[in-house]
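Numbering (the numbering used here), first residue to last: 977 to 1263.
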């Protein structure tokens, strides 16, 4: 079994996370004290989320890094460990437009959504032998959600370009539990979708590719639609003020034309992920 992995993918994620962390740490440390706010006093125990008061703060976000165990590619039966940046926005206030997220971390939120899939080198995996390589894919779009005290809904849509073109996105809902002031637990159903061009890049097999596999993989031209359905869970524990340990896990099953792909039939339609990382909350006065 070939198990070289995708080093370019891992290196890119390491560089992206490291550069982002350095820039944001530098900007926060270099700002004047009057421009940087904490949600509460550093020496005090964190209050319940509903008690957060950010004062004149305009932007509250989390930044960190961790590791994640993911399938080697969509539909693979083998897994690999990769670095993963942790980036999320809790609160954003824009003059003239209003505030998103709520100062207690609840309410309506909207923000950018990014995705990156490293190059899929067919020669790295026995299950892909004979297929063409797929260049790295970049995804850029928007995400939105609404959070109540014990539940939330969310969705995102992104335009993909590079190795795969078209649209991809996901939707979901979570139940939320806060057993203590420092712990937030979330769990709920998820689903992802993609356009036909995107699906064709990762699940399609051309006639020439089928010939190159010796007929092992039959020609296949997938349509767009739902790509997977599943469940996801996450936990965030505040170890120290504004410092968090993040853990998450998910199970998804490829469905529709993705599941029927010869690539998936030779691999596994059941896909799991496990992640663990550390993050810090930043609060900035932008305006």
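Even for Gly, the Cβ is constructed at its ideal location relative to N, Cα and C.
Here the structure is a predicted model, which means the values were calculated and not measured.
Could you give the first and the last residue of the continuous alpha helix (DSSP H) run that contains residue i?
i	result
residue 1183	1183-1188
residue 1241	1238-1242
residue 1172	1172-1179
In terms of residue numbering, what span does the beta strand (DSSP E) encompassing residue i cover?
i	result
residue 1146	1142-1156
residue 1224	1219-1230
residue 1122	1113-1123
residue 1204	1201-1216
residue 1096	Where residue 1096 is concerned, there is no enclosing beta strand (DSSP E), given that its DSSP letter is neither H nor E.
residue 1068	1055-1070
residue 1253	1246-1260
residue 1101	Counting along the chain, residue 1101 falls outside any beta strand (DSSP E), and DSSP gives it neither H nor E.
residue 1134	1127-1138
residue 1193	Here residue 1193 belongs to no beta strand (DSSP E), and DSSP marks it neither H nor E.
residue 1039	1035-1047
residue 1075	1074-1076
Given this structure, state the Cα-to-Cα distance separating residue i from residue j, to the nearest angstrom.
i	j	result
residue 1118	residue 1172	20 Å
residue 1230	residue 1241	11 Å
residue 1221	residue 1083	24 Å
residue 1112	residue 1094	4 Å
residue 1005	residue 1150	For residue 1005, the pLDDT reaches just 35, beneath the cut-off of 50, and the residue's location in the model is therefore unreliable, although a value from the coordinates is still provided. Cα to Cα, the separation comes out at about 35 Å.
residue 1133	residue 1226	20 Å
residue 1218	residue 1106	49 Å
residue 1108	residue 1260	46 Å
residue 1049	residue 1192	18 Å
residue 1154	residue 1182	50 Å
residue 1047	residue 1032	43 Å
residue 1243	residue 1194	14 Å
residue 1179	residue 1067	38 Å
residue 1162	residue 1228	16 Å
residue 1152	residue 1129	11 Å
residue 1058	residue 1045	6 Å
residue 1245	residue 1235	6 Å
residue 1099	residue 1076	46 Å
residue 1189	residue 1054	20 Å
residue 1069	residue 1062	21 Å
residue 1216	residue 1034	23 Å
residue 1141	residue 1206	24 Å
residue 1258	residue 1184	52 Å
residue 1198	residue 1097	21 Å
residue 1064	residue 1038	5 Å
residue 1203	residue 1249	16 Å
residue 1201	residue 1036	35 Å
Since residue i and residue j are thought to touch, with beta carbons under 8 Å apart, how far apart are those beta carbons, to the nearest angstrom?
i	j	result
residue 1052	residue 1085	The Cβ separation is near 33 Å, so there is no contact.
residue 1233	residue 1251	The Cβ separation is near 28 Å, so there is no contact.
residue 1263	residue 1071	6 Å
residue 1253	residue 1060	7 Å
residue 1074	residue 1256	At roughly 26 Å, the Cβ-Cβ gap does not stay under 8 Å, so residue 1074 and residue 1256 are not in contact.
residue 1115	residue 1091	3 Å
residue 1239	residue 1103	7 Å
residue 1177	residue 1110	6 Å
residue 1237	residue 1196	6 Å
Does the ligand SAM have a heavy atom nearer than 8 Å to the CB of residue i?
i	result
residue 1157	This structure simply doesn't include the ligand SAM, nor any ligand for that matter.
Worksheet entry | Inter-stretch contact (C-beta, 8 Å, three-pair minimum) for the stretch 1158-1171 and the stretch 1106-1126 | no
Discussion item. Pairs of beta-carbons, one from the stretch 1134-1154 and one from the stretch 1212-1230, closer than 8 Å: are there three or more?
Written reply: no
Discussion item. Assess contact between the stretch 1166-1185 and the stretch 1140-1147, defined as three or more Cβ pairs (one per stretch) separated by less than 8 Å. Is contact present?
Written reply: yes
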